[in-house]
Amino acid sequence: MKALFKKSKVISGNIAEISEQEKIKKELKKKKRQSSVKPKGFVARKTGLIAFWCVFGFIVFFVFVNVFVDNGSAEVEEPKMIVNKATSIEAVQYAIDFSKELYTWKSTNEGIDEHTQRIKPYLAASLDSNAGIEIQSDSWNSTWKSSEVKEIKEISEHLSQITLSVKSKLVPGKKSKGKKAIEDQQYVTFSVAYDGKTFGIYDLPRLANYSKTTTLTSVVYNGLQTAETDTQSEVNQFLPTFFKVYIEDTKDKLDYLLTDSKVTYGLNGTARFVDVSTAKIYQTKDEDKSKIIAFVEVVLENPSTKLQHTENYQLTIKKEADRFVVAGFDELTNVEIQSTEITPGTNN
Numbered sequence: 010m011k012a013l014f015k016k017s018k019v020i021s022g023n024i025a026e027i028s029e030q031e032k033i034k035k036e037l038k039k040k041k042r043q044s045s046v047k048p049k050g051f052v053a054r055k056t057g058l059i060a061f062w063c064v065f066g067f068i069v070f071f072v073f074v075n076v077f078v079d080n081g082s083a084e085v086e087e088p089k090m091i092v093n094k095a096t097s098i099e100a101v102q103y104a105i106d107f108s109k110e111l112y113t114w115k116s117t118n119e120g121i122d123e124h125t126q127r128i129k130p131y132l133a134a135s136l137d138s139n140a141g142i143e144i145q146s147d148s149w150n151s152t153w154k155s156s157e158v159k160e161i162k163e164i165s166e167h168l169s170q171i172t173l174s175v176k177s178k179l180v181p182g183k184k185s186k187g188k189k190a191i192e193d194q195q196y197v198t199f200s201v202a203y204d205g206k207t208f209g210i211y212d213l214p215r216l217a218n219y220s221k222t223t224t225l226t227s228v229v230y231n232g233l234q235t236a237e238t239d240t241q242s243e244v245n246q247f248l249p250t251f252f253k254v255y256i257e258d259t260k261d262k263l264d265y266l267l268t269d270s271k272v273t274y275g276l277n278g279t280a281r282f283v284d285v286s287t288a289k290i291y292q293t294k295d296e297d298k299s300k301i302i303a304f305v306e307v308v309l310e311n312p313s314t315k316l317q318h319t320e321n322y323q324l325t326i327k328k329e330a331d332r333f334v335v336a337g338f339d340e341l342t343n344v345e346i347q348s349t350e351i352t353p354g355t356n357n
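For the sequence shown, the working numbering gives the first residue as 10, with consecutive numbering after it.
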């Protein structure tokens, strides 16, 4: 009986153990089922995230290809600046050098030959060897004094005409005894060519009619309208203060009246301020009504001689808070040239 009870106890323990194992297995299956169930919208969010990264990756790849690959392989043609050497500083100096040789000679036989040899390197092979100047034996001797540039005209890509005011002194030779020396001045046009390597005179020099009298009547500034009366009054009070500082004081004091220290350095006491004789005050017609344009005549005095003279200024003035400041000097470019000879036009 005791043995039977013991055996029964063992069987009961085994059954309990089996029952516990079955319970554990059921719990594991339940958890597995729960983990396989996705939250609502999970699949949509997952799909959207994948799509986003695919598109983002494509954009990055596209930018990389365009910036680093296309730009690296494509040749960008920069605009070429065409410089006409025939109108350059070198060409002008060449014409001046030639005029010096051309208008310097002695009227002896040796002097005439020497003159021909000196001008020969400048002349095109097809030109007359004496450049059109017939020097008569023992007539006049010439000494070049100066050449001043008056006009540079472009004829074509490699040709120009340079007009100089040439001054020389003519002294009588043996056949011109009794005559006085002459200070001569002529306007002469020199035809200069550049063949890619050297300059040359391609045509005979010729006299030019260069007028010192201008045909200019005025320069009109476009886009301006007369400033309001109150503005004119305030600016007129500001101008004497500004110009006295501009003319007589140091840069640090002047900077207080400028929007930027680079606008002007002033005269730093090299003259004395006398008066603002006239001032015409305008405003621009655009939306920026705060910009004031002033055309001013200022009387200055030389500190040593006390001699006075008048100068013209064009100021761009702005109002900052409760004070005026100068924002620019002579900066207007939208102008119309009025002339008795040239059709008026706008130079922007």
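C-beta: ideal position from N, C-alpha, C; glycine also. Note that the structure is a prediction, hence the values are computed from the model and not measured.
Check residue i in the structure and name its three-state DSSP category.
i: Q145; result: coil
i: V285; result: strand
i: P312; result: coil
i: S82; result: Note that S82 scores 48 on pLDDT, short of 50, meaning its location in the model is unreliable; the coordinates nonetheless yield the value given after this. Looking at S82 - three-state DSSP - the assignment turns out to be helix.
i: A236; result: coil
i: E157; result: strand
i: L136; result: coil
i: E350; result: coil
Is the beta carbon of residue i less than 8 Å from the beta carbon of residue j?
i: E163; j: S169; result: yes
i: K109; j: W153; result: yes
i: Y230; j: N343; result: yes
i: L216; j: G141; result: no
i: Q292; j: Q234; result: yes
i: H167; j: A100; result: no
i: V272; j: A336; result: yes
i: T172; j: T198; result: yes
i: I98; j: S116; result: no
i: V283; j: V305; result: no
i: E319; j: E340; result: The identity of residue 319 in the sequence shown is Thr, whereas the question assumes Glu. Contact: no.
i: K294; j: G232; result: yes
i: G275; j: K253; result: no
i: S174; j: K189; result: no
i: K328; j: T268; result: no
i: E345; j: T224; result: no
Among all the DSSP beta bridges, which residues are the ones paired with residue i?
i: P181; result: W149
i: Y322; result: V305
i: K109; result: None; K109 has no bridge partner.
i: T293; result: L233
i: E163; result: S169
i: F208; result: Y203
i: E329; result: R332
i: S174; result: E157, Y196
i: Q4; result: Nothing can be reported for residue 4: it is not among the residues displayed for the chain, which extend from 10 to 357.
i: L216; result: V197
i: L267; result: V335
Note the first and the last residue of the continuous beta strand (DSSP E) segment covering residue i.
i: D193; result: 191-203
i: G187; result: Segment: none, G187 is in no beta strand (DSSP E) and carries neither H nor E.
i: G275; result: It is not in any beta strand (DSSP E) - G275 carries neither H nor E in the DSSP assignment.
i: V92; result: Neither: V92 is in no beta strand (DSSP E) and is coded neither H nor E.
i: A336; result: 332-338
Taking residue i and residue j to be in contact with their CB atoms under 8 Å, please state how far apart those CB atoms are, rounded to whole angstroms.
i: A280; j: L309; result: 4 Å
i: Y103; j: V228; result: Between V228 and Y103 the Cβ distance is about 34 Å, and since that is not below 8 Å, they are no contact.
i: A236; j: I161; result: A236 to I161, Cβ: 41 Å. No contact.
i: Y203; j: A133; result: The Cβ separation is near 12 Å, so there is no contact.
i: V180; j: N218; result: V180 to N218, Cβ: 27 Å. No contact.
i: Y322; j: V307; result: 6 Å
i: D147; j: K183; result: 4 Å
i: T240; j: I302; result: In fact, because the Cβ distance is near 11 Å, the residues do not count as touching under 8 Å.
i: Y131; j: G209; result: 7 Å
Alpha helix (DSSP H) containing residue i: first to last residue?
i: L225; result: It is not in any alpha helix (DSSP H) - L225 instead sits in the beta strand (DSSP E) that spans 225-230.
i: G120; result: 118-128
i: K262; result: 260-263
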